[in-house]
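Since the structure comes first, as C-alpha cells, the remarks are kept for the end.
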Ligand code: PGA
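Residue numbers (the numbering used here): 351 to 599.
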C-alpha cells in the first residue's frame, strides 16, 4: 500500500545527549497529518532512540548496514543486529554512502537482499548528479540505479521497499528540485516499475523525495501526485521544522 512517509536522516549528527533532547523536543510536537514519521539516528544512538520512542508514533530506522550476516568486517553492522534491537527499516544507497564509501549498484543489490531476508523494510535511495542532469541523462541514470539494485527481486519483495529519489545536486545544497522536476522523475520511476512489474506494484510504491526539503517548500513538493513523502536531512535536526514538514501533508 502506498503511504505517506516523512523520514529524518540525521546523518553523522547528534551525540547521545543531543539525541535525547531532540527526541524529547519531537515528542512535544503535534502531528496533524497522516504521514508516518521516521527518524534515522547514528548506530550508537539507535537503541536509546528506540527505547525513548517506544510509546510514540515515531519509527526509528537505521542509516546503513552491511550485506553479510556476520564475520570479519570490522566497524560494520548487520541486518540481524539491527533487527535484534527492534529496528524494522533501513536506509540503503544514500548518495553520501555511494560517494564516500564506494557503494555500488552491485553491493547495494546484496544489501537489499540481506535486508529483505531479515524482514527489514528498505528505503532505497538513488538520484543523478548535476552533470547527469545537465547532460539530460537523469532518467537513464535513475533507471539504471533502480534496475541494477532492485530488478532481480521477485514482485512480492516490493511491499518491503520504499524508494527515495534524491538528486545529488539538491542534497544539503539549499537547492531543491522544483516540484515539477520531482513530479516528472517520480512519474518516470513509477512508469519504470510499471514496465517491469505491472501497475499494481507501480501504483502501490511509496516514492519519497529528498534534497533540501524545508517547511517553506514541503507543501508544494508533497502536493504533487507521485510524491509520497520526503527524506529530510538538515531540516530534520530541529523538531519544529521537521514537524512543519510532517504536517505539510
Ligand atoms: P538535505 O538532505 O535535506 O539536508 O538536503 C537530504 C538527504 O540527504 O537525505
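For every residue, glycine included, the Cβ atom is placed at its ideal position computed from N, Cα and C.
In three-state DSSP terms, what is residue i?
{"i": "residue 526", "result": "coil"}
{"i": "residue 539", "result": "helix"}
{"i": "residue 435", "result": "coil"}
{"i": "residue 573", "result": "coil"}
{"i": "residue 559", "result": "strand"}
{"i": "residue 596", "result": "helix"}
{"i": "residue 584", "result": "helix"}
{"i": "residue 567", "result": "helix"}
{"i": "residue 451", "result": "coil"}
{"i": "residue 396", "result": "helix"}
{"i": "residue 472", "result": "strand"}
{"i": "residue 514", "result": "strand"}
{"i": "residue 464", "result": "helix"}
{"i": "residue 420", "result": "coil"}
{"i": "residue 544", "result": "helix"}
Please decide whether residue i counts as near chain D, where near means a Cβ-Cβ distance under 7 Å.
{"i": "residue 487", "result": "This model lacks chain D altogether; it includes just one protein chain."}
If distances are taken between C-alpha atoms only, which option among the options comes closest to residue i?
{"i": "residue 410", "options": "522, 416, 594, 433", "result": "433"}
{"i": "residue 498", "options": "383, 355, 543", "result": "543"}
{"i": "residue 386", "options": "408, 521, 402", "result": "408"}
{"i": "residue 305", "options": "412, 525, 545", "result": "Residue coverage of the chain in this structure runs from 351 to 599, which leaves residue 305 outside it and unanswerable."}
{"i": "residue 532", "options": "547, 485, 478", "result": "478"}
{"i": "residue 494", "options": "475, 504, 484", "result": "475"}
Report back the beta-carbon spacing between residue i and residue j to the nearest angstrom; my notes put them in contact at under 8 Å.
{"i": "residue 363", "j": "residue 587", "result": "6 Å"}
{"i": "residue 589", "j": "residue 565", "result": "Residue 589 to residue 565, Cβ: 12 Å. No contact."}
{"i": "residue 359", "j": "residue 581", "result": "6 Å"}
{"i": "residue 538", "j": "residue 354", "result": "Between residue 354 and residue 538 the Cβ distance is about 20 Å, and since that is not below 8 Å, they are no contact."}
{"i": "residue 529", "j": "residue 570", "result": "5 Å"}
{"i": "residue 492", "j": "residue 535", "result": "7 Å"}
{"i": "residue 402", "j": "residue 370", "result": "7 Å"}
Determine the direct distance from the alpha carbon of residue j to that of residue i, and round the result to whole angstroms.
{"i": "residue 506", "j": "residue 470", "result": "14 Å"}
{"i": "residue 557", "j": "residue 578", "result": "5 Å"}
{"i": "residue 460", "j": "residue 417", "result": "6 Å"}
{"i": "residue 501", "j": "residue 468", "result": "19 Å"}
{"i": "residue 575", "j": "residue 559", "result": "12 Å"}
{"i": "residue 379", "j": "residue 357", "result": "15 Å"}
{"i": "residue 555", "j": "residue 517", "result": "19 Å"}
{"i": "residue 430", "j": "residue 419", "result": "7 Å"}
{"i": "residue 511", "j": "residue 377", "result": "27 Å"}
{"i": "residue 388", "j": "residue 473", "result": "11 Å"}
{"i": "residue 508", "j": "residue 551", "result": "7 Å"}
{"i": "residue 487", "j": "residue 352", "result": "28 Å"}
{"i": "residue 423", "j": "residue 520", "result": "32 Å"}
{"i": "residue 601", "j": "residue 480", "result": "Beyond the ends of the chain as shown, which are 351 and 599, falls residue 601; an answer cannot be given."}
{"i": "residue 482", "j": "residue 404", "result": "42 Å"}
Contact between the region 382-399 and the region 443-462: three or more CB pairs below 8 Å? no
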